[in-house]
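So for the sequence shown, this note's numbering puts the first residue at 11; every next one is plus one. Backbone N, C-alpha and C fix where the C-beta goes; we use that ideal spot for every residue, glycine too. First up is the structure itself, then whatever we jot down about it.
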Amino acid sequence: MLNWEVLKQEERGADTSMLASAPKQMPALGYSQEIQRRVAQVGFDWADIDGVIEKLTEEISELKRADSQERKAQEFGDLLFTLANIARRLGIDSEAALREANKRFYRRFSYMEEICRQRGVNLNKLSFDEQNALWEEAKREFQE
Numbered sequence: 011m012l013n014w015e016v017l018k019q020e021e022r023g024a025d026t027s028m029l030a031s032a033p034k035q036m037p038a039l040g041y042s043q044e045i046q047r048r049v050a051q052v053g054f055d056w057a058d059i060d061g062v063i064e065k066l067t068e069e070i071s072e073l074k075r076a077d078s079q080e081r082k083a084q085e086f087g088d089l090l091f092t093l094a095n096i097a098r099r100l101g102i103d104s105e106a107a108l109r110e111a112n113k114r115f116y117r118r119f120s121y122m123e124e125i126c127r128q129r130g131v132n133l134n135k136l137s138f139d140e141q142n143a144l145w146e147e148a149k150r151e152f153q154e
């Protein structure tokens, strides 16, 4: 049985991409998931999540090797694209997941600031290791 995207492609004709109707005004992560969902429906997709994880590792390596700001930006974009694909494969809304991660970060960092105020310590005078210890304390406090 042909799926909806294939039928729509046939209606549009060979000259029009099946990606053309994806709403470009969507947030970037959501748009990435949408176009990857569409191409997966015609078989352009990894056989399993392991293939996508391998691609993620490859993209991280390419980002590390990037030798110009332009190349770094391209590789970072590829990395985000791959992460959005992992989210799609796992049934996760990448935009919602990032919003929740931002909220967790905000709560934890605010807790760090509050602890410093209570202890009479200036956060920006602490070493990274001391700050990280506070971060771990905040994570335990919120059990997230």
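Whole-Å CB distance - residue i paired with residue j, under 8 Å assumed
{"i": "residue 4", "j": "residue 96", "result": "The chain is shown from 11 up to 154; residue 4 falls before or after that span and cannot be answered."}
{"i": "residue 48", "j": "residue 30", "result": "Contact doesn't hold; Cβ gap of about 10 Å is too wide."}
{"i": "residue 98", "j": "residue 43", "result": "5 Å"}
Buried or exposed (CB count within 10 angstroms, at least 16 for buried), residue i
{"i": "residue 39", "result": "buried"}
{"i": "residue 131", "result": "exposed"}
{"i": "residue 94", "result": "buried"}
{"i": "residue 109", "result": "exposed"}
{"i": "residue 122", "result": "buried"}
{"i": "residue 46", "result": "buried"}
{"i": "residue 62", "result": "buried"}
{"i": "residue 139", "result": "exposed"}
{"i": "residue 137", "result": "exposed"}
{"i": "residue 26", "result": "exposed"}
{"i": "residue 78", "result": "exposed"}
Please determine if the region 137-148 and the region 115-125 are in contact, where contact requires at least 3 C-beta pairs separated by less than 8 Å.
yes
Check whether the region 84-92 and the region 62-73 touch, using three or more Cβ-Cβ pairs below 8 Å as the test.
yes
Which full runs of the alpha helix (DSSP H) of 4+ residues lie inside the region 32-68, going along the chain?
38-50
Tell me the start and end of each unbroken beta strand (DSSP E) in the region 83-153 that is at least 3 residues and wholly inside, in chain order.
none
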